[in-house]
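Engineer:
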Amino acid sequence: MNNKFVIAIDGPAASGKSTTAKQLAIKLKYIYIDTGAMYRASGLCTLLQNISLDDEAALKEMLDKISIRIEYEEDGNKIFLNEEDVTERIREADITKLSSQIAVIGMVRKKMVELQRKIGENGGVIMDGRDIGTVVFPNADFKFFMIADVKTRALRRWEETKEKGESITLEEIEEELIWRDKNDTTREISPLRQADDAIPVDTSKMSINEQVQFIYNKIK
Ligand code: CDP
């Protein structure tokens, strides 16, 4: 597609955002940016540097120096934190929880939003997250809000963890999703919510192909 649109996809965890965004990016020849990975990388950074989330001075110093780089590849982006490849590490359960905890902090969000706006300033980008249509790109050309019932989302995540050989129960995953949904929707700064002009997409009963095609058709 020649037009360099900004496409925002928001929604709760495991609602199908990243799978859809990745495939859509290939179809449209756009860059895909997973902003959740940036919060995950920031969380990991505090762990590696032994920084407590309530130590404002240390957090500020960390954010002043942090480098988060996304290398775009068709078969999956690679995420570098301070030039170290953390693509796999940031998907582990401890970082999942930490990412949602660090995402409530104003100075962290300010830094991430700055980086995200810079990456997306020339368009031709699909960005997924929680606040892309509401805060990062309120004037995005297209906004989608993906949802799915919690059982479906838990099952999807569980299947992913099984593929990776992790041993976590379906119940544990569901609990984690419910905790994260609550934390993400009730935080004071940039809570997860549907932008007024976003198109809702309920993926509970949709296949991946249907999700991708639905959004593709809207854009076409
Ligand atoms: O992939 P999954 O849906 O599990 O989560 P993610 O997109 O990797 O996001 C991890 C966490 O980062 C979320 O639970 C949010 O707390 C936070 N996040 C955010 O606050 N704002 C964004 N734009 C993206 C993620």
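Numbering (this note's numbering), first residue to last: 273 to 492.
Backbone N, C-alpha and C fix where the C-beta goes; we use that ideal spot for every residue, glycine too.
Keep in mind it's a predicted model, so treat the numbers as computed, not measured.
(1) Hey, out of Q295, T291, Y302, K289, whose CA is closest to F277's CA?
(2) Roughly how many angstroms lie between the CA atoms of E364 and E343, to the nearest whole one?
(3) Rounded to whole angstroms, how far is the Cβ of I323 from the Cβ of A330, which I believe are closer than 8 angstroms?
(4) Quick one: grab the DSSP three-state call for E444.
(5) Report yes if the C-beta of A309 is less than 7 angstroms from at least one heavy atom of the ligand CDP; otherwise report no.
(6) Starting from K301, follow the beta strand (DSSP E) in both directions and report where the run begins and ends.
(7) Rounded to the nearest angstrom, what separates R381 and S372 at their Cα positions?
(8) Taking 7 angstroms as the cut-off, does the CB of G288 come closer than this to any heavy atom belonging to the ligand CDP?
(9) Residues in its own chain within less than 7 angstroms of D469 by CB, not counting five upstream and five downstream?
(10) Can you tell me the Cα-Cα spacing of Q466 and F417, whole angstroms?
(11) Does the beta-carbon distance from A412 to I305 come in below 8 angstroms?
(12) Taking 7 angstroms as the cut-off, is the beta-carbon of G396 closer than that to any non-hydrogen atom of the ligand CDP?
(13) Could you pull out every residue in the same chain whose Cβ sits closer than 7 angstroms to the Cβ of K289, ignoring the five residues on either side in sequence?
(14) In chain order, what residues of the same chain lie with their CB nearer than 6 angstroms to the CB of N455, ignoring the 5 residues before and after it?
(15) Spatial neighbours of P463 within its chain, please: C-beta separation below 6 angstroms, excluding the five flanking residues on both sides.
Structural biologist: Looking at the coordinates:
(1) Nearest option by C-alpha distance: Y302.
(2) Between E364 and E343, the C-alpha separation is close to 20 angstroms.
(3) Rounded, the Cβ-Cβ distance is 5 angstroms, consistent with contact.
(4) Residue state, collapsed to three classes: helix.
(5) For A309, the distance from the CB to the nearest heavy atom of the ligand CDP is below 7 angstroms.
(6) Note, K301: premise wrong, no beta strand (DSSP E); not H, not E.
(7) Taking the straight line from one Cα to the other gives about 11 angstroms.
(8) For G288, the shortest C-beta to heavy atom distance toward the ligand CDP is 7 angstroms or greater.
(9) Here the set comprises K415.
(10) Q466 and F417 have their C-alpha atoms some 6 angstroms from each other.
(11) No, they are not a contact pair.
(12) No - the ligand CDP has no heavy atom lying nearer than 7 angstroms to the Cβ of G396.
(13) If we look at K289 and ignore the five residues flanking it on each side, its Cβ neighbours are I281, G283, D400, M418.
(14) Closer than 6 angstroms at Cβ, skipping near neighbours: S372.
(15) Residues of the same chain with a CB within less than 6 angstroms of the CB of P463, apart from the 5 flanking positions on each side, are T457 in chain order.
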